[in-house]
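**Q**
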Amino acid sequence: MASSNPVAEAPNIWAVAQAQFDNAAEHLALDPGLRRVLRVPKRELTVNFPVTMDDGHVEVFTGYRVQHNLSRGPAKGGIRYHQDVTLDEVRALAMWMTWKCSVVNIPYGGGKGGVIVDPKKLSQRELEGLTRRFATEISPLIGPDRDIPAPDVNTNAQTMAWIMDTFSMHHGYTIHGVVTGKPVAVGGSLGRNEATARGAVFTLRQAGTALNLPLAGARVAIEGYGNAGSIAADLLAAEGSTIIAVSDSTGGIFNTKGLDPARVSGWKREHGTVVGFPGADQLSNEELLELDCEILVPAALENQITDHNAPRIQARIVAEAANGPTTPEADQILFDRGIFVIPDILCNAGGVTVSYFEWVQDMQSFFWTEARINESLREIMDHAFESVYAMSQRHSVHMRTAAYMVAVARVAEATNLRGLYP
Ligand code: NAD
């Protein structure tokens, strides 16, 4: 069952993001000048910054903040800490944020940040130092009306609290709205932690209705057991789905009778990995992707489903909780094989949507109940799914192209209406 590692032959995801845009632009017959504007980031900042490590030596780290497009509002997008971060990756993620905010129709452009670091090798104090200095270095770009970061891979609510505090210290007063995904005690929103997974499950419900595949009883495999993956497991189990396999960067576990997500999370908290969970067989990430199941949720990193393994994917629905898990070649293979893909910019847009609610609450200093947040999220996700699904049916295109067409058309309209300055 083992296959070659798809990541090893992974294409450059910036090239992938641009190819996806070109495809949508072609379908929309977009004006060539507008295409030139939208296919590159507006602004890119690279910073090399020092951090004093616990043993007293100074290390220099490299980080990026990229703003892709600001036509519909301030830039919005996460900050990633990972040893494999590249400027091209950050560009792609920033462009995807523009489309993601547009597909759910919230008033933001797209941005993204990243630092080249393996955070697991840093102490908590070193991570705080790195975060505060990185926040300082990118502070010419960020702000509640300009660019609002959020958590991404290996960053969390604590990271956002440090960034908010650093930015506030520079200004001399508390500025909650500079980041989202903060702890609730410092201006965060109820429901934000679960929002990405909850939004993905709302889109899965809609897809289930469209395909006549009820979530109750569906067998689910989830790649990546972090924020998005583990909470998706919880929520899908609550819908009556059977979670047959989950994985993290160390490997995967499998039980056809179903895994209890709460117990798996407890095991991971205690042992730092899902591997070794009692009563489950072990399997590789490559094997997990090809399991016999109804729903596959990639919730780890990009380029996981490629032309190598797409012919062997058995799921009926691929719900992209992760950003960019499927290459364009794989997309076509899945489409030809009748596998329904809920594309990342739609599927995982719940995170940025509740980030938007958090920002609105921060700006108004008026905080909503969790019930209101979840209901408002459902309305936005349902509406976004319906727009994209209708577009895919109308133009006989797969869901990713349809999502891009909905998103790019809105950004193009805003850009056109604003006109070119000067
Ligand atoms: P996270 O750091 O909380 O979790 C990532 C998980 O993936 C971890 O369990 C890690 O061990 C696992 N992983 C890493 N490499 C892997 C590999 N090769 N195979 C299998 N598992 C691997 O991150 P997250 O916030 O859950 O983000 C996951 C994905 O979801 C990313 O693509 C991110 O961009 C996307 N996303 C997250 C949010 C959010 O709000 N958290 C919003 C939108 C999109």
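According to the working numbering, the sequence shown holds residues 1 to 422 in order.
We put the CB at the ideal spot given by N, CA and C, even for glycine.
Hey, which unbroken runs of the alpha helix (DSSP H) at 4 residues or more fall wholly within the stretch 288 to 367?
**A** The qualifying runs are 328 to 336, 344 to 347 and 350 to 364.
**Q** Who are the Cβ neighbours of residue 189 in its own chain at under 7 Å, not counting the five residues just before and after it?
**A** Counting only Cβ-Cβ distances below 7 Å, and skipping sequence neighbours, we find 354, 357, 358, 361 and 373.
**Q** Cβ of residue 226 versus every heavy atom of the ligand NAD: is any distance shorter than 7 Å?
**A** True, at least one ligand heavy atom lies under 7 Å from that Cβ.
**Q** Measuring from the CB of residue 223, is there a heavy atom of the ligand NAD at a distance below 7 Å?
**A** Flag set: Cβ of residue 223 near the ligand NAD.
**Q** In the DSSP assignment, find the unbroken beta strand (DSSP E) run with residue 35 in it and report its ends.
**A** Careful: residue 35 lies outside any beta strand (DSSP E), inside the alpha helix (DSSP H) at 32 to 38.
**Q** Between 290, 94, 43 and 272, which has its C-alpha nearest residue 21's C-alpha?
**A** Looking at the Cα atoms, 94 is the closest of the given residues.
**Q** Does the distance from the C-beta atom of residue 228 to that of residue 254 stay below 8 Å?
**A** No, these two residues do not count as a Cβ contact at 8 Å.
**Q** Tell me whether residue 69 counts as near the ligand NAD, meaning its Cβ is closer than 7 Å to at least one heavy atom of that ligand.
**A** No.
**Q** Hey, could you find the ends of the alpha helix (DSSP H) residue 84 is sitting in?
**A** From DSSP, residue 84 is part of no alpha helix (DSSP H); its letter is neither H nor E.
**Q** Cutting at 7 Å between CB atoms, please list the residues of its own chain near residue 387, excluding the five before and the five after it.
**A** 406.
**Q** Is residue 151 near the ligand NAD, going by C-beta to nearest heavy atom under 7 Å?
**A** Within the cutoff, so yes.
**Q** Does any CB atom of chain C fall closer than 8 Å to the CB of residue 394?
**A** Included in the structure is just one protein chain, with no chain C present.
**Q** Measure the alpha-carbon distance for residue 138 versus residue 122 and round it to whole angstroms.
**A** When rounded, the distance between both Cα atoms is 21 Å.
**Q** Verify whether the separation of the beta carbon atoms of residue 259 and residue 198 is less than 8 Å.
**A** No, the pair does not count as a contact, with Cβ atoms beyond the cut-off.
**Q** Distance, Cα to Cα, residue 180 vs residue 157?
**A** Their Cα atoms are separated by approximately 8 Å.
**Q** Nearest to residue 256 by CA position, among 218, 262, 285 and 274, is which residue?
**A** Measuring from the Cα of residue 256, the nearest candidate turns out to be 218.
**Q** Could you compute how far the alpha carbon of residue 408 sits from the alpha carbon of residue 24?
**A** Distance between the alpha carbons of residue 408 and residue 24: 7 Å.
**Q** For a test of the three-state rule: what should DSSP assign to residue 46, helix, strand or coil?
**A** Note: residue 46 maps to strand in three-state DSSP.
**Q** Is residue 348 near the ligand NAD, with its Cβ less than 7 Å from a heavy atom?
**A** Residue 348 Cβ: within cutoff of the ligand NAD.
**Q** Could you tell me the distance, in whole angstroms, from the CA atom of residue 310 to the CA atom of residue 332?
**A** Using only the alpha carbons, I get a separation of about 9 Å.
**Q** Compare the Cα-Cα distances from residue 385 to each of 334, 301 and 203 and report the closest residue.
**A** Of the listed residues, the one whose Cα sits closest to residue 385 is 203.
**Q** Helix, strand or coil, according to DSSP, for residue 375 in the structure here?
**A** Three-state result, residue 375: helix.
**Q** May I have the straight-line CA-CA distance separating residue 327 from residue 73, to the nearest angstrom?
**A** If I take the Cα positions, the gap works out to 29 Å.
**Q** In whole angstroms, what separates the C-alpha of residue 264 from that of residue 274?
**A** Going by the C-alpha atoms only, they are around 6 Å apart.
**Q** Give the secondary structure of residue 277 by DSSP, where H, G and I count as helix, E and B as strand, and everything else as coil.
**A** Residue 277 falls in the coil class under three-state DSSP.
**Q** From the DSSP output, in three-state form, read off residue 258 for me.
**A** Residue 258: coil per DSSP, three-state reduction.
**Q** Over the uninterrupted alpha helix (DSSP H) stretch that includes residue 217, give me the two end residues.
**A** Per DSSP, residue 217 belongs to no alpha helix (DSSP H) and is neither H nor E.
**Q** Under three-state DSSP, which class holds residue 119?
**A** Correct three-state label for residue 119: helix.
**Q** Helix, strand or coil for residue 2 per DSSP?
**A** Residue placement at residue 2 cannot be trusted, given a pLDDT of 37 that sits under 50; what the coordinates show is reported in the next sentence. Coil at residue 2, not helix or strand.
**Q** Can you name the start and end residues of the alpha helix (DSSP H) that residue 152 belongs to?
**A** Where residue 152 is concerned, there is no enclosing alpha helix (DSSP H), given that its DSSP letter is neither H nor E.
**Q** Can you grab the Cα-Cα spacing for the pair residue 167 / residue 96, in whole Å?
**A** Distance between the alpha carbons of residue 167 and residue 96 is about 26 Å.
**Q** Have a look at the DSSP bridge pairing and note the partners of residue 253.
**A** Beta-bridge pairing links residue 253 to 246 and 282.
**Q** Could you tell me the distance, in whole angstroms, from the CA atom of residue 213 to the CA atom of residue 207?
**A** The alpha-carbon atoms of residue 213 and residue 207 are separated by roughly 8 Å.
**Q** State yes or no: is the C-beta of residue 63 nearer than 7 Å to some heavy atom of the ligand NAD?
**A** False, no ligand heavy atom lies under 7 Å from that Cβ.
**Q** Taking the C-alpha atoms as reference points, what is the distance between residue 11 and residue 84?
**A** Residue 11 and residue 84: Cα-Cα distance of roughly 14 Å.
**Q** Does the Cβ-Cβ distance between residue 261 and residue 298 come in under 8 Å?
**A** No, they are not a contact pair.
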